[in-house]
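Residue numbers (my numbering), protein chains in the order written: chain A, 266 to 427; chain B, 2 to 892. One structure is given here, and the rest of the page talks about it.
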Amino acid sequence: MTTDKDNLRTRIQQAIQSQKRPTVTVLSSLLAIQDLVGYIPEEAIEEVAAHSKTSINSVFGVASFYPNFRFTPPGEHSVEVCWGPTCHLKGATEILESVLGKLGLDSEGDTDDGKVSFRFNTCLGACSQAPVISVDHELYGNAKPDIVLNLLNSLYEKETLN
Amino acid sequence: MSDKVNLTIDGVEIQAEPGSMIIQAAMDNEMYIPYLCYYPGMKPYGACRMCVVKAEAPTPDGSYRALPGSPASCTTPVSEGMRVETNTGDLVGLRKGIMELLISEHPHGCLNCHRVELCGPTDVCLRHVSVNDRCVTCPKNERCELKDTVRYMEMELTTPLTYNNRHLPMEVKDPYWDMDMNLCIVCSRCVRACDEVRGDRAITLIDKSGRSIIGTAAGTSLLESGCEFCGACIDVCPTGAIVERDYKWDKAVQKISTTCPHCPVGCQLDLDVNKRNKVVRSIPNRKAEANMGMACFKGKFGLDFVNNKNRLKKPMVRKNSILEEVTWPEALDFVAGKLEHHQDGDYALIASARGTNEDNFAAQKFARRVMKSNNVNVSSNSRPKLVNSLQNLIGTDCASNKIWELLDSQVILLVSANITEEQNVVSVPIKQAVAKGANLIVIDQRETELTRYATKWIRPLINSESVLIGGILRSIIDQSLEDHDFATEKCEGYDKFRNSLWDFDLVKVSAQTGISQEEIREMAQIFANAGASSILYGLETISDSHINDTVESLVNLSLITGNLGKKSGGIYPLFSGANQQGSRDVGCVPNLLPGHRPTASQGIDLMEISEACSSGAIKALHLIGDELFHNTPNRSEFLDKIKATDLLIVHESFASEVTEIADVVLPSALFSEKTGTYTNMEGRIHRLRPAIGPIGDEDEDWRILSQIAARLGSDDLSYSSSDDVLTEITNEVETYKTLQINSLDSRGHIRNPILNSSYVFSPIEFTQSKETLVNDQYPMVFAPGRVLFDADRDAGIVTENDLNTITRREVIEMNEEDAKEAGISEGDVIKILGEEFELTGNAHLNGLHSGMVATTALFGTLIESLNSSSEPDPMAKTAGLRLCKVRVEKV
C-alpha cells in the first residue's frame, strides 16, 4: 500500500519535473500530471503546492475550476463521442444513444465496473469523417451505431482474452 | 508643487495620491461609491462591478477622452485632470441590474417584503417570508454591507429574476467560526485577505464559474488547511457568510475601542457590547498603526473570559482557614492592619502583566514608598536579561523600529521565537515582506510557522546561538562585508570588539554549533549585503545564562552592518505580557525606578522571591493577578514556596490555585472594565477604555492600593482617577512627557525615544555551553514544533460530537546514530517520556543533532484544546513551545 502511494508520488514528481517550458505554473504542472497519471490525486495537489510554493488550497482552487481535471482515477478505457454541429447533423445523436445504452450511463461519467470513462466532445477535428467517435484516443470516422457497438464490445473482449 | 493628482468627482475637485484608485480617492474625500468586493488595503480586484463609474481624461489637445465603457472605480487609477461621474442614470441602472443578479443567489426576502417598514429587527415574521430567506434570521442582520448597499440604491423592491437558494450545508464543525455559503456573494474578500494580507491561503475559491464558492482544498477542515484562526476573513466578509460562532446573533448596542490584553503588540480592538453588558465580538481597528486592522486567534476569539460568570465578586478574608466574603472596608482594614508589620523589607509585590501603566506605577510606588521594599516586579518579567543590556548598548529597551517597518526589510533574522503564537500580528508584515522577496533567516531548534517561510532555517546545538552569531560576525569581518563607517563613526568600542572576534575561528564555531562553515558564511552574506536587515529575538529556547551573550552578539550584528537607526532595519526584542514594556517604563521592576532610573539597591527577581518566601526572608507577598509560571514545572514549585508566607494578598478576577491558598482575595477589574494605558513592544502608548460595567464589587488595582496606602497613613497614592496617575507618570517618566492624554486615539502615541549619543559594541566571548538541560534519567532534549499546515501527512480529521478533531499520528524526528544505539529503526513506534508528559509516535531518522528529538504538531491541535478548555481564560495560558528533557523508549 505504502509502495503504491510512494510510487504515485514519484510519478507525480516526474510529471512536474518533465516540463521543459520556461515558465512552469500551477496550471501547467496540473496538466502534466493529468497527462501522465490520468487524474489529479490528492498527492498531486500537495506536490504542486510544494513545487510552486503556494498552499494546497490555492492549487485546489485552480484544479477545481477546470472541468477537464478529474479527481478520481479514470476508467481503463476512454470513449468520447463528438457532438459538434457537423457530427450532430450527420447523426451523432443515434451514436450517443447506443453508446450510453451499451455503457449503462445517462450522461458523461464512468461505468460502474470502472472499465470505461465516457465523455462528450465538442469537436474532435475530423468533421469530414462525421460522425466521429474516439476510443482510447483513436478516432473512428463515419460511425454507425452497429460499428460503435462492435468497437465497445471489442474493448470488453480484449479484457477477457487477457 | 504638490505631488498629488487633481481630479473632479461629480463636479467636486479633489486631490488623490498618485497611483491610487478612483474609489479610494473618493473614500478619502468622504464621497461614497457603492462597492462590495473592494476593501481598503487590499489589491484592486474588480469582481462585483458595483463601483462602476463614467470617467474621462484630458488629452494633450485639451479635449476630453472618455474611458471606454463603464470602468470599475476600484481598478481604475486616478490621473491628472480626470473627470469622474458616479451617479448618472445609466450607472444607477447598471448597478441595479448587477445587484439584481447578485441577490438572485442571496436570500433577500426581507429586502423586498412590503411589510419591511413595519417590521422590527427582532419581530417574528408570521408568513410573508420563508425562514431561510429572512434577513432577520441572519447573524449579520443590520451589520450587512449588502443590505446597506441595497438600501442606498433605493431598489424597486421586487425580484424580476428567479431566486435560487443554493441549499448548501452549513459548515459549523470547526472551532470558533461558522460558514454559510448560501449567503456568500463570492466577492472573495476573505480569500484575498487570507492570501494577500495574512499569507496563509487557507481558503480559496473552489469549483467552476457559476458554482464557484469559498472553501478549502477538497472540502477539508480549517484545522488542517493552514488556518491560523485570525478571523481576518470574518472581519472583511460583507454578508453573513462567515461569522464568529459565539454570540452569533447578538447585536451591539455599544462599540468601544480598547487594547488587547494578550500580548505586547497591543492590537487596537473595537469591542461590540450587547444590551446585557457582554462583550460579544472583537473587530480589529483598521486605523491602528500597531496592528493595521489585524488580530489573531487570541484577540479575535480569546476575549470571552470577560463575560465569564464565575468571577470573584466580593473581597474575601480567611477566617478560621476558610475564605469568607466580607465588605471592602473590612477587607482593606484587615490588609492594612497586617501590612503594618511588614514595612521593613520582608514584603514583596508582583504586579500583573495585564496591569495598566497606572496600576503598575501605583504598585511600585506602593511597594517602594509605603512598604519600603524594592521587591517589586511584574509577572511577565521572568527573563529581564532579554532587554536589560539593550538599553546600555543602543539606548532603548524596546523595539528600535516600528512593527510595520518590517514590511520593507530585505532580510529578517528571527532567533528562537514562535511569533505566530506569541506575538502573532508581528508575523503579518514578515510574511508580506517574504512574499515581496525578502530573505527570512530563522535560527530555532523548533519547527514553527515561520520556518516554512524561511530562506534558511538553522537548527544549532542547544545554547550555541551566541557562538553562532559570533561566527557570523567573524565571517562578516573575514569577507569585508562590514559597514566600517557606521561602526567607527557612530559606535564606540569597535576595535576592542573586533579583537574579541579572533577567538571565533569558523572551524571552532562550526564544531560548537553543529552548523557548517558554508552555512555561516552564507548567512553573513545574506545579512550584510542587504539594504535593510532587521533582527527579531525571543530567545525562547535559550537558557537564562546565555541570554546576555546572545543579545550582545545580536546588537553587534546590527551595528556592524549599520542597521541600527535605519528604516526597516533595527532590532526587536520579543517578550510576553501585554504591558511588560509599560511596567518597565513606570518602574515596576526590581532594578529600575520610573523613567528607567537605576535603583540604589536592587530588589530580587521572580524566582528569588519564591525562594525568599520559603526561607522566611519575605513574610508578606502581594500578588496582583495569577499569571506566574503557567505551563512550566516551576509553577508547582512556586506555589509550594509561597505557601510559607505569613500573609498572601491576591488581587484576582477568577478563582485559581493561588486564591485557594491566599489569606486575602481582593476582586480586581479586568482590562475590559478599566480606564488606563498600555505600552506596546514599540513603545507605543495605547488607551484602554471600559467596555462593560462592573460585574460585582471588583475594583481597579491602583484604587485598591491607594485605599490600603491611605489606611497605612500614607498620602503617596492619593489619586482620584487613573488619569491622575497618568499625569504623575508623564511628570516622572521622561519618555512619556509629550503624551497628550486627551488626544490618545487608536493610533496610539510613540513614547519619546531615549537617545544614546552613540551605540556601543560589546566584546564577546567564545563560551562553552555552561548549562545542561538534561540529566541521567532524561538524557535527551525535546524540541516541540508547531505549524499551521503539514502537507506530508494526513491530519486524519474525524468528526466527534459534531466537531472536527485531528487524529494524526505524530512523527518523532531523531538522530540516526542515537536511534541505532537504542535499536530504533525508521517507522518504529516510540515513546517520548518527559517529566510531565508522554507522547507516542513513529520514529523518523534524519540529520537532527545527536541528543535531540523533535516533533511538529499542527496548530489545529492547539486551537482544538483552547476551544474545549474549561479554563475561564485559556488563551492567556497557551502552552508555549519550550525545550525540555526527555527520554526515548521503544514501544
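Heads up, the beta-carbon is just placed ideally off N, CA and C, and yes, glycines get one too.
Practice task
Determine, using beta-carbon pairs with one atom in the stretch 424-441 of chain B and one in the stretch 732-751 of chain B, whether at least three such pairs fall under 8 Å.
Solution key: no
Problem - Simplified DSSP assignment, three categories, for Glu-493/B - result: Reduced to three states, the DSSP call for Glu-493/B is strand.
Practice task
Could you tell me whether any Cβ in chain A is nearer than 9 Å to the Cβ of Ser-210/B?
Solution key: yes
Handout entry: Runs of alpha helix (DSSP H) lying entirely within the stretch 250-302 of chain B, each at least 4 residues, in chain order
Key = 298-302
Problem - Per-residue contacts from Ile-207/B into chain A (C-beta, under 7 Å) - result: Here the neighbours are Phe-325, Gly-326, Ser-329.
Handout entry: Residue-chain proximity (Phe-230/B, chain A), Cβ-Cβ < 9 Å
Key = no
Problem - CB contact flag (Glu-57/B, Met-22/B, <9 Å) - result: Judged by their CB atoms, Glu-57/B and Met-22/B are not nearer to each other than the 9 Å cut-off.
Exercise for the section: Note down, in chain order, every chain A residue with its Cβ under 8 Å from the Cβ of Ala-455/B. Expected result: The premise fails here: Ala-455/B is roughly 12 Å from chain A at the closest Cβ pair, so nothing lies under 8 Å.
Practice task
Take the Cβ of Lys-675/B as the centre, count every other Cβ of all protein chains shown within 10 Å, and call the residue buried at 16 or more, exposed below.
Solution key: buried
Exercise for the section: Quick one: using the 10 Å Cβ neighbour count with 16 as the cut-off for buried, is Glu-14/B buried or exposed? Expected result: By the Cβ-count criterion, Glu-14/B is exposed, with fewer than 16 other Cβ atoms from all chains shown falling within 10 Å of its own Cβ.
Exercise for the section: Give the interface partners of Glu-311/A over in chain B, defined as CB-CB distance under 7 Å, in chain order. Expected result: Ala-792
Problem - CB contact check: Arg-167/B to chain A, cutoff 9 Å - result: no
Practice task
Taking Lys-891/B as part of the alpha helix (DSSP H), name the residues at either end of that continuous run.
Solution key: That residue, Lys-891/B, is in no alpha helix (DSSP H); its beta strand (DSSP E) goes 885-891.
Exercise for the section: Under 8 Å by Cβ, that's how I've got Glu-466/B and Ser-723/B pegged, so tell me the actual separation to the nearest angstrom. Expected result: The Cβ separation is near 41 Å, so there is no contact.
Exercise for the section: Spell out whether any CB of chain B is found under 9 Å from the CB atom of Arg-276/A. Expected result: no
Practice task
Would you check if the stretch 349-367 of chain A and the stretch 308-318 of chain A touch, i.e. whether three or more CB-CB distances between them fall below 8 Å?
Solution key: no
Exercise for the section: Could you work out which residues of chain A lie near Gly-227/B, taking near to mean beta carbons separated by less than 9 Å? Expected result: Ser-320, Ile-321, Asn-322
Exercise for the section: Could you have a look at Leu-426/A and say whether DSSP puts it in helix, strand or coil? Expected result: Note that Leu-426/A has pLDDT 48, beneath the 50 cutoff, so the model's placement of it is unreliable and no number is given.
Practice task
Pull up the DSSP beta-bridge partners for Tyr-679/B, would you.
Solution key: For Tyr-679/B, which the question treats as bridged, DSSP gives the partners His-687/B.
Practice task
Taking 9 Å as the cut-off, decide whether the C-beta atoms of Ser-669/B and Ile-693/B are in contact.
Solution key: no
Practice task
Please list, in chain order, all residues of the same chain as Ser-476/B whose beta carbon is under 6 Å from its beta carbon, the five residues on each side excluded.
Solution key: Ile-521, Arg-522, Ala-525
Practice task
Determine the direct distance from the alpha carbon of Leu-37/B to that of Asp-411/A, and round the result to whole angstroms.
Solution key: 57 Å
Exercise for the section: Please confirm whether Asp-803/B and Leu-859/B have their CB atoms less than 9 Å apart. Expected result: no
Practice task
Return the CA-CA distance between Glu-814/B and Arg-144/B, expressed in angstroms with no decimal places.
Solution key: 49 Å
Practice task
Starting from the C-beta of Leu-8/B, find all residues in its chain whose C-beta is less than 6 Å away, skip the five residues before and the five after it, and write them out in chain order.
Solution key: Val-79, Met-83
Exercise for the section: Express the C-alpha separation of Ile-10/B and Glu-31/B in angstroms, rounding to a whole number. Expected result: Their backbone Cα atoms lie some 11 Å apart in a straight line.
Exercise for the section: At 8 Å on the CB atoms, spell out the chain A contacts of Ile-204/B, in chain order. Expected result: Asn-322
Exercise for the section: Can you say whether Tyr-33/B is buried or exposed, counting buried as having 16 or more other CB atoms within 10 angstroms of its CB? Expected result: exposed
Practice task
For the stretch 285-314 of chain A, enumerate the residues whose C-beta is nearer than 9 Å to any C-beta of chain B, in chain order.
Solution key: Glu-307, Ile-310, Glu-311, Glu-312, Ala-314
Practice task
Determine, using beta carbons only, whether Met-2/B comes closer than 9 Å to chain A.
Solution key: Bear in mind that a pLDDT of 48 at Met-2/B, under 50, signals an unreliable position, so the number given afterwards is only what the model happens to contain. Not an interface residue.
Practice task
Kindly provide the ranges of any beta strand (DSSP E) runs that are 3 or more residues long and lie completely inside the stretch 399-487 of chain B, ordered along the chain.
Solution key: 412-416, 440-444, 457-459
Exercise for the section: Counting only runs of 4+ residues fully inside the stretch 521-607 of chain B, write out the alpha helix (DSSP H) ranges in chain order. Expected result: 545-561, 581-586
Practice task
Find the residues of chain A that neighbour Thr-808/B, judging by a C-beta separation of less than 8 Å, and give them in chain order.
Solution key: Taking the beta carbon of Thr-808/B as reference, no residue of chain A falls within 8 Å; the closest one sits roughly 17 Å away.
Handout entry: Cβ separation of Leu-474/B and Asn-557/B, assumed to be a contact under 8 Å, to the nearest whole Å
Key = 6 Å
Handout entry: Interface residues of chain A facing Thr-421/B [CB-CB closer than 8 Å]
Key = Simply none; closest approach about 15 Å.
Practice task
Taking Trp-348/A as part of the alpha helix (DSSP H), name the residues at either end of that continuous run.
Solution key: No alpha helix (DSSP H) holds Trp-348/A; DSSP gives it neither H nor E.
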